[in-house]
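J.: The structure follows.
Number of protein chains: 2
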Amino acid sequence: MTNLHIPSIADVIGANKIVSPLIHKTPIRQYPELCDLLDADVWVKHENFQILGSFKVRGGIYLAHKVVEEDDINGFITASTGNHGQSIAFAAKISGMPSKVVVPMKANPAKVSSMISLGADVIHHGNTFDESLEFAESLSEKEKHFRFVHPANEPYLITGVATYSLEIHENINNVDYLFAPVGAGSGAAGASIVSEVISPKTKVIGSQSESSPAAYLAWKTGKFSHAENKTIAEGLATGHAYEYPINILQKKLNNFVLVSDQEIENSVLSLLKTTRSLVEHAGAATLAAALKLKKEIKSKRVILVLSGSNITLEQLRKLL
Amino acid sequence: MTNLHIPSIADVIGANKIVSPLIHKTPIRQYPELCDLLDADVWVKHENFQILGSFKVRGGIYLAHKVVEEDDINGFITASTGNHGQSIAFAAKISGMPSKVVVPMKANPAKVSSMISLGADVIHHGNTFDESLEFAESLSEKEKHFRFVHPANEPYLITGVATYSLEIHENINNVDYLFAPVGAGSGAAGASIVSEVISPKTKVIGSQSESSPAAYLAWKTGKFSHAENKTIAEGLATGHAYEYPINILQKKLNNFVLVSDQEIENSVLSLLKTTRSLVEHAGAATLAAALKLKKEIKSKRVILVLSGSNITLEQLRKLL
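Dropping the structure here:
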């Protein structure tokens with residue numbers, strides 16, 4: 001797994017030519033109240049305005065473009081807590097192919113209904129993402145002409161999602177810190193690959209819930225054991241870490257911060273109030289992490305990646 | 321007032337050259353669940369992703385560009401329930417001038433704090449918008465070098481905000497219905513002016529709360545008397561109609577629908593759920609109106625203008 005090709009900046013620039021015409025070039029904005037809150041020069045990258053409400057679509061589009069070029073396939077199979085599945089369902093749809101997405105039994109209904117409306121065959125299986133993933137892999141044994149898309153160990157996904165970081169550095173200079181949420185790690189890996197070359201001074205900081213710290217523990221210790229997986233931020237909810245993105249993060253990520261679910265919830269509210277936009281829990285983990293590093297980032301130029309908007313009415317009700 | 325120049329399509333195309341580089345070209349998207357709900361080919365224009373969370377900024381930018389060119393002024397005075405005030409504060413700021421905005425005592429605090437952070441001198445005066453406006457006019461008598469900006473009787477504002485309709489028709493053909501909210505009427509007037517020329521088949525439908533029906537009554541009867549003003553949709557809250565936009569709407573608007581505050585609240589929730597984005601009450605009035613005309617618009621291509629996102633946590637809490 002660790003000998004999979006690590007995307008280069010050239011790969012990402014190439015991917016951007018494929019991805020960019022099909023997605024929304026999301027704005028990067030400053031909100032004075034957020035600057036005050038962090039006592040820094042804070043900008044947010046509004047991937048919560050992205051089509052399908054998440055940055056993940058960038059990865060799906062690029063992967064579908066590449067594998068349709070390379071392989072003789074009739075469809076896609078994957079597992080997802082939601083946003084990655086929407087991305088694959090969308091990419092399959094624009095490629096004129098079917099998709100099967102395995103999701104945990106308690107998957108976010110907003111994300112599930114979006115996948116269904118994109119034509120995906122959504123299969124509820126397993127109590128956790130890890131069980132869903134295992135089931136998707138077993139399904140793919142029987143469906144040989146469906147391309148199994150591993151949600152983490154997949155260079156094309158990282159290459160595709162890395163395009164958001166290209167947009168950041170193309171539009172704003174001298175970024176000191178870039179905060180990206182970490183579920184399996186593809187978004188933060190992409191941000192690290194791009195920043196290392198385009199803006200070497202930028203420190204990329206990953207953020208994860210301490211209730212689902214698998215990726216953090218693997219990044220820190222190099223050991224890939226099962227971890228507790230109880231976060232309410234379903235976009236960050238995995239009990240396993242995956243070698244390929246963690247390998248990239250170990251080489252390139254500057255720091256990794258754990259935050260509590262309570263801190264994430266407070267950050268969803270702060271972002272709702274200051275940006276008047278919906279940010280799902282995973283995306284708000286970036287603000288929670290920045291608050292933890294408030295001393296370090298004082299007066300610095302900081303980017304918070306608001307990775308998605310897919311929050312349910314039920315989650316919102318609970319928060320308010 | 322009624323002999324003010326009615327903007328032409330050429331005026332709007334000219335304004336777009338000024339406005340477009342400074343704003344966000346907001347996406348126009350389709351959500352399958354909204355199509356199902358209305359049984360039509362529904363697209364939303366996401367002005368709730370616009371900078372400052374409202375289409376109004378387009379008007380402020382164009383107005384400031386024109387008056388700074390024409391007049392010897394040192395600043396701007398206006399009255400607003402919120403979004404127009406943000407727009408003028410922003411336009412003043414990028415012109416390097418001060419602004420004074422009079423708002424009702426109970427103005428939406430999210431909008432007020434945004435105005436303050438843009439450098440505006442915000443003056444709370446009056447229980448209603450109409451009282452705030454009267455006070456702003458009296459203030460402007462004393463501040464001769466401040467340009468008084470009437471929030472409704474002002475051709476430059478209508479010309480500027482009309483640019484969102486240009487973006488709609490540039491990006492999507494054969495629009496049968498375009499629903500726009502009506503407070504004082506500048507947005508709907510702009511949409512009517514543009515659609516009449518660029519897409520004559522498009523029926524522009526205004527929508528207002530039946531709890532603040534001043535513009536509707538003036539449009540229907542030609543009489544400009546005071547009306548009840550109790551809507552919770554502060555973006556639509558005025559007890560007076562204004563001759564200049566109403567004159568344009570009488571000539572060009574195809575239909576005007578009143579909806580209840582309850583229908584508006586339900587529509588905020590429906591849009592939250594289907595688009596996973598924040599839409600303030602005024603913007604949701606378009607969906608409420610489309611639901612009222614469901615029979616008429618069946619299977620037609622429909623645009624809903626989601627005019628803004630500036631809803632407070634308190635309003636959201638109440639809704640959920």
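Chains as they are written, first to last, in the numbering used here: chain A, 1 to 320; chain B, 321 to 640.
Every residue gets a Cβ at the ideal spot worked out from N, C-alpha and C, and that includes glycine.
This one's a predicted model, so the numbers in the text were calculated from it and none came from an experiment.
1. Would you kindly check if the distance between the Cβ of B/Lys337 and the Cβ of B/Lys487 is under 8 Å?
2. Starting from B/Leu523, trace the beta strand (DSSP E) in both directions and tell me its first and last residue.
3. Find the residues of chain A that neighbour B/Glu616, judging by a C-beta separation of less than 9 Å, and give them in chain order.
4. A/Phe49 touches chain B at which residues, Cβ-Cβ below 8 Å?
5. Is DSSP giving B/His470 helix, strand or coil here?
6. Going along chain B, which residues have a C-beta under 9 Å from A/Leu22?
7. 8 Å is my cut-off, CB to CB: does A/Asn94 come that close to chain B?
8. State yes or no: is the beta carbon of B/Ala430 nearer than 8 Å to at least one beta carbon in chain A?
9. Compare the C-beta of B/Gly373 with all C-beta atoms of chain A and state if any pair is closer than 8 Å.
10. Going by DSSP, what residues sit across from B/Ser419 in a beta bridge?
11. In chain B, which residues lie with their C-beta within 7 Å of the C-beta of A/Asn310?
12. Rounded to the nearest angstrom, what separates A/Lys56 and A/Val161 at their Cα positions?
13. Can you tell me whether A/Ile297 is buried or exposed? The criterion is at least 16 other CB atoms within 10 Å of its CB, across all chains shown.
14. If you pair each beta-carbon of the region 288 to 296 of chain A with each one of the region 247 to 267 of chain A, do three or more pairs fall below 8 Å?
15. Run through the region 570 to 596 of chain B for me and flag every whole alpha helix (DSSP H) of 4 or more residues, listed as ranges in chain order.
16. Would you call the CB atoms of A/Ala282 and A/Ser267 closer than 8 Å?
17. Is it right to say B/His489 is buried, meaning 16 or more other beta carbons lie within 10 angstroms of its own, or is it exposed?
18. Less than 8 Å between the beta carbons of B/Ser437 and B/Gly446, yes or no?
19. For A/Ala325, which of A/Phe129, A/Phe135 and A/Gly96 has the nearest alpha-carbon?
20. If distances are taken between C-alpha atoms only, which option among A/Ile246, A/Glu69 and A/Pro151 comes closest to A/Pro213?
21. If you draw a straight line from the alpha carbon of B/Leu324 to that of B/Tyr382, how long is it in whole angstroms?
22. With a threshold of 8 Å between beta carbons, is A/Lys56 in contact with chain B?
23. Just to confirm the assignment, what range does the beta strand (DSSP E) spanning A/Tyr177 have?
24. Whose C-beta lies closer than 6 Å to the C-beta of A/Leu34 among residues of the same chain, with five residues either side of it excluded?
25. Would you call the region 228 to 244 of chain A in contact with the region 179 to 190 of chain A, where contact means no fewer than 3 C-beta pairs closer than 8 Å?
26. Using 8 Å as the limit for Cβ to Cβ distance, is A/Ser117 near chain B?
27. To the nearest angstrom, report how far apart A/Lys223 and A/Leu217 are at their CA atoms.
28. Please classify A/Val103 as buried or exposed, where buried requires at least 16 neighbouring CB atoms within 10 angstroms.
29. How about A/Thr163 and A/Ser8: are their beta carbons less than 8 Å apart?
30. Let's see if you can read the secondary structure: which residues bound the alpha helix (DSSP H) around B/His489?
31. At what residues does the beta strand (DSSP E) containing A/Leu304 begin and finish?
32. Checking the sheet assignment: what are the DSSP bridge partners for A/Gly308?
33. Using only CA atoms, which one of A/His226, A/Val279, A/Glu210 and A/Lys230 lies nearest to A/Ser240?
34. Here's a check: name, in chain order, each residue in its chain whose Cβ is nearer than 7 Å to the Cβ of A/Leu249, leaving out the five neighbours to either side.
35. Secondary structure at A/Lys324, three-state DSSP: helix, strand or coil?
36. In angstroms with no decimal places, state the Cα-to-Cα distance between B/Val432 and A/Leu139.
T.: Quick look at the numbers:
1. Residue mapping note: residue 487 of chain B aligns to position 167 of the second sequence, counting from 1. Residue mapping note: residue 337 of chain B aligns to position 17 of the second sequence, counting from 1. The sequence given here has Glu at residue 487 of chain B, not Lys. No, they are not a contact pair.
2. For this step, residue 523 of chain B is matched to residue 203 along the second sequence. According to the sequence as given, residue 523 of chain B is Lys; it is not Leu. Lys523 to Ser529 is the extent of the beta strand (DSSP E) around B/Lys523.
3. The residue given as residue 616 of chain B occupies position 296 in the second sequence. In chain order: nothing, as chain A lies at least about 25 Å away.
4. Here residue 49 of chain A is taken as the residue at index 49 of the first sequence, counted from 1. What A/Phe49 touches in chain B: Pro347, His366, Phe369 and Ser597.
5. Here residue 470 of chain B refers to the residue found at position 150 when the second sequence is read from its first residue. Three-state DSSP puts B/His470 in coil, outside helix and strand.
6. The residue you call residue 22 of chain A lines up with position 22 of the first sequence. Correct list: empty, because the minimum Cβ distance to chain B is about 12 Å.
7. What you label residue 94 of chain A is simply residue 94 of the first sequence in a count that begins at 1. The question names Asn, yet the displayed sequence has Ile at residue 94 of chain A. Taking Cβ atoms only, chain B never reaches closer than 8 Å to A/Ile94, which makes this a no.
8. As a first step, residue 430 of chain B is located in the second sequence; it is residue number 110 there, counting from the start. For B/Ala430, the answer is yes, since a Cβ of chain A falls inside 8 Å of its Cβ.
9. Your numbering for residue 373 of chain B matches position 53 in the second sequence. For B/Gly373, the answer is yes, since a Cβ of chain A falls inside 8 Å of its Cβ.
10. For the purposes of this step, residue 419 of chain B is identified with residue 99 of the second sequence, where counting begins at 1. Answer is B/Phe396, bridged to B/Ser419.
11. Along the first sequence, read from residue 1 onward, the residue named residue 310 of chain A stands at position 310. Per Cβ cutoff of 7 Å: Arg596.
12. Taking the first sequence and counting its residues from 1, the one referred to as residue 56 of chain A is at position 56. Taking the first sequence and counting its residues from 1, the one referred to as residue 161 of chain A is at position 161. Rounded to the nearest angstrom, the two C-alpha atoms are 6 Å apart.
13. Position 297 of the first sequence, counted from the first residue, corresponds to residue 297 of chain A. That one is buried.
14. yes
15. 581 to 595
16. Numbered from its first residue, the first sequence carries residue 282 of chain A at position 282. Numbered from its first residue, the first sequence carries residue 267 of chain A at position 267. Cβ distance not < 8 Å, so A/Ala282 and A/Ser267 don't count as in contact.
17. As a working mapping, residue 489 of chain B is identified with position 169 in the second sequence. Classification for B/His489: buried.
18. Counted from its first residue, the second sequence places residue 437 of chain B at position 117. Counted from its first residue, the second sequence places residue 446 of chain B at position 126. No, they are not a contact pair.
19. For residue 325 of chain A there is no data in the structure shown, the boundaries of chain A being 1 and 320.
20. Within the first sequence, residue 213 of chain A is the residue found at index 213, counting from 1. Ranking the options by Cα distance to A/Pro213, first place goes to A/Ile246.
21. Working through the second sequence from its first residue, we reach residue 324 of chain B at position 4. Working through the second sequence from its first residue, we reach residue 382 of chain B at position 62. Taking the straight line joining both Cα atoms gives about 17 Å.
22. Here residue 56 of chain A is taken as the residue at index 56 of the first sequence, counted from 1. It does not: the Cβ of A/Lys56 has no partner Cβ on chain B nearer than 8 Å.
23. Your numbering for residue 177 of chain A matches position 177 in the first sequence. Looking at the DSSP string, the run of the beta strand (DSSP E) that includes A/Tyr177 is Tyr177 to Pro181.
24. As a working mapping, residue 34 of chain A is identified with position 34 in the first sequence. The answer, listed in chain order, is Val42 and Thr274.
25. yes
26. Working through the first sequence from its first residue, we reach residue 117 of chain A at position 117. Answer yes: the Cβ-Cβ gap between A/Ser117 and chain B drops below 8 Å somewhere.
27. Indexing the first sequence from 1 puts residue 223 of chain A at position 223. Indexing the first sequence from 1 puts residue 217 of chain A at position 217. Straight-line Cα distance between these residues: approximately 7 Å.
28. Along the first sequence, read from residue 1 onward, the residue named residue 103 of chain A stands at position 103. By the neighbour-count rule (16 or more Cβ atoms within 10 Å), A/Val103 is buried.
29. By one-based count along the first sequence, residue 163 of chain A stands at place 163. By one-based count along the first sequence, residue 8 of chain A stands at place 8. No, Cβ-Cβ distance for A/Thr163 and A/Ser8 is not below 8 Å.
30. The residue you call residue 489 of chain B lines up with position 169 of the second sequence. First-last of the alpha helix (DSSP H) with B/His489: Thr483 to Asn491.
31. Here residue 304 of chain A corresponds to residue number 304 of the first sequence, with the count starting at 1. It spans Arg301 to Val305 - the beta strand (DSSP E) in which A/Leu304 sits, taken as one unbroken run.
32. Indexing the first sequence from 1 puts residue 308 of chain A at position 308. Bridge partners of A/Gly308: A/Ser54.
33. As a position in the first sequence, residue 240 of chain A is number 240, starting the count at 1. Before going on, a small fix: residue 240 of chain A reads as His here, not Ser. When only C-alpha atoms are compared, the closest one is A/His226.
34. Counting from 1 along the first sequence, the entry for residue 249 of chain A is found at position 249. Same-chain partners within the cutoff: Gly185, Ala188, Ala189, Ser192, Gly206 and Trp219.
35. Since the displayed chain A opens at 1 and closes at 320, residue 324 of chain A lies outside it and no answer follows.
36. Your numbering for residue 432 of chain B matches position 112 in the second sequence. Your numbering for residue 139 of chain A matches position 139 in the first sequence. Each residue's Cα considered, the two are about 55 Å apart.
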